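Under the numbering used here, the residues of the sequence shown are numbered 912 to 1168, in order. Worksheet: one structure, shown below.
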Amino acid sequence: MNYQILKIQIADRIAVVTISRPAALNALNTDFFKEFNHFLDDLEPRQDVKALVITGEGKAFVAGADIAEMVHMNSDEGYAFSTFGQRTFDRLELIKIPVIAAVNGYALGGGCELAMACDFRIASKLAKFGQPEMNLGMIPGYAATQRLSRITGLGNALYMILTADTISAEDALRIGLVQKVTEPESLMEEVMKLAAKIAGNGSQAVPVSKKLIREGISMDFQKASETEAIEFGKQFDNEATKEGMKAFLEKRKPNWN
Ligand code: DAK
């Protein structure tokens, strides 16, 4: 595919996708969702990529769904736009490898929702977060009403969605919406270090852990614990797990290959 909006770099087991439509602050339109789904189709079967980083070009991560495109929609088109976006964000949650949002600037509306569909978020000091849909007379359409409360708790989700206030990176850190705040110029360096660390961890244990955490949060605790025990048991048939334990006992670094 000839990508117009996404810039894709894959090297050293890490894929970096930069959303690049800076004239519209990287607002998410139908073309973005088509390109992004095409990229995920290519990425999902690959065994050589162990982590995905998503960032934005210019002063925004993503300033929301594209208002200029939405303003012309009727209810059927709005429904199609919403379900296309929701399915895309769900794919990010379900993809086996960890996904890190490198939030360089505005993450508003659909942009904050995209960041929340990633596994965790690292933000530049300049980043700003918000769900400003109330200002447009609408509700969030890409699952902020569900993900924001799961990530930050009920009070913070209600506060952000009902006030439509934009919050700073430091406040996002305080409420657990982001996991780390960096100087703007070192954002990508820090994110790439984290991605490399994860990509270098016992490779099969990373996707299994992601799946257990992701699926467990909406399961009954006992059932989720039992699922963990089953997966834990399976690890003992795994060469990588044996290598990890042996390497510890032999006081050397594990060789995952
Ligand atoms: N969509 C389209 N264009 C956008 C945009 C957006 N979300 N945000 C910014 N732009 C465009 C601006 O129109 C402007 O274009 P030109 O006038 O230069 O042609 C350009 O980007 C630069 O923006 P500004 O001139 O406004 O830049 P400033 O630095 O002054 O302000 C800002 C930055 C981020 C504070 C401001 O641009 C802003 O408030 N943007 C809108 C933020 C926003 O409201 N985001 C939420 C969008 S609503 C659903 C599915 C999805 C959703 C809802 C329902 N279903 C279908 C049910 C999701 C909704 C949203 O995400």
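The C-beta atom is built at its ideal place from N, Cα and C for all residues, glycine as well. Predicted model, so just to flag it, every value in this text is computed and none were measured.
Assumed close pair residue i, residue j - CB separation to whole angstroms, cut-off 8 Å
i: Val964; j: Ile925; result: 6 Å
i: Leu1084; j: Met1071; result: That pair is no contact at about 14 Å.
i: Pro1051; j: Gly1020; result: 7 Å
i: Val973; j: Ala1018; result: 6 Å
i: Thr1063; j: Ile1086; result: 5 Å
i: Phe1040; j: Gly996; result: Not confirmed; about 18 Å, so no contact.
i: Glu968; j: Pro933; result: 5 Å
i: Gly975; j: Gly1022; result: 6 Å
i: Ala1080; j: Val1089; result: 6 Å
i: Glu1024; j: Ala1054; result: 6 Å
i: Ala1110; j: Ala962; result: 5 Å
i: Arg1002; j: Leu951; result: 5 Å
Beta-bridge pairing of residue i - partner residues as DSSP gives them
i: Ile1011; result: Val964, Phe1031
i: Tyr1017; result: Ala971, Lys1039
i: Ala926; result: Ile921, Leu963
i: Ala976; result: Leu939
i: Lys1091; result: Ile1033
i: Ile1078; result: Phe1040
Spatial distance of residue i from residue j (CA atoms)
i: Glu1126; j: Ala1135; result: 8 Å
i: Phe1159; j: Glu1139; result: 23 Å
i: Phe1132; j: Leu1123; result: 12 Å
i: Glu1094; j: Leu1037; result: 8 Å
i: Glu946; j: Phe1143; result: 37 Å
i: Val1119; j: Lys1007; result: 8 Å
i: Gly1113; j: Glu1150; result: 10 Å
i: Phe1000; j: Lys1162; result: 42 Å
i: Thr929; j: Lys918; result: 5 Å
i: Phe1147; j: Glu1044; result: 48 Å
i: Lys1130; j: Glu1004; result: A quick correction: the sequence has Met, not Lys, at residue 1130. Those two C-alpha atoms are separated by around 16 Å.
i: Thr1077; j: Gln1042; result: 7 Å
i: Pro1165; j: Lys1121; result: 21 Å
i: Thr994; j: Asp953; result: 21 Å
i: Ala1116; j: Ala991; result: 36 Å
i: Met1103; j: Met984; result: 39 Å
i: Asn1168; j: Lys1153; result: 12 Å
i: Leu1073; j: Asp959; result: 43 Å
i: Gly1155; j: Lys1108; result: 15 Å
i: Ala989; j: Ile916; result: At residue 989 the sequence reads Gly, which differs from the Ala that was named. Computed Cα separation, rounded: 22 Å.
i: Asp987; j: Met1049; result: 16 Å
i: Ser1097; j: Arg957; result: 29 Å
Own chain partners of residue i with C-beta closer than 7 Å, once the 5 adjacent residues on each side are dropped
i: Asn940; result: Asp977, Glu980
i: Val1092; result: Ala1034, Lys1036, Ala1080, Glu1081, Leu1084
i: Glu955; result: Ile1006
i: Arg1061; result: Ile1128
i: Ala1068; result: Leu1059, Ser1060
i: Ala1106; result: Ile925, Ala962, Val964, Ile1011
i: Asp942; result: Gln915, Ile916
Neighbourhood of residue i by C-beta, 6 Å cutoff - its chain only, sequence neighbours within 5 removed
i: Ala1012; result: Ile965, Ala1026, Cys1029, Arg1032
i: Val927; result: Gln920, Val964
i: Val1014; result: Phe972, Ala1026, Arg1032, Ala1034, Ala1038
i: His949; result: Met912
i: Tyr914; result: Glu946
i: Lys1145; result: none
Chain D contact for residue i (CB, 8 Å cutoff)
i: Ala935; result: Judged by its chain identifiers, the structure shown contains no chain D, having just a single protein chain.
Sequence-distant residues of its chain with Cβ nearer than 8 Å to residue i (five each side left out)
i: Asn1046; result: Ala1075
i: Ala935; result: Ala974, Asp977, Ala979
beta-carbon residue i near the ligand MN non-hydrogen atom, thresh 7 Å
i: Ser931; result: Inclusion of the ligand MN in the displayed structure is not the case, the ligand content consisting of the ligand DAK alone.
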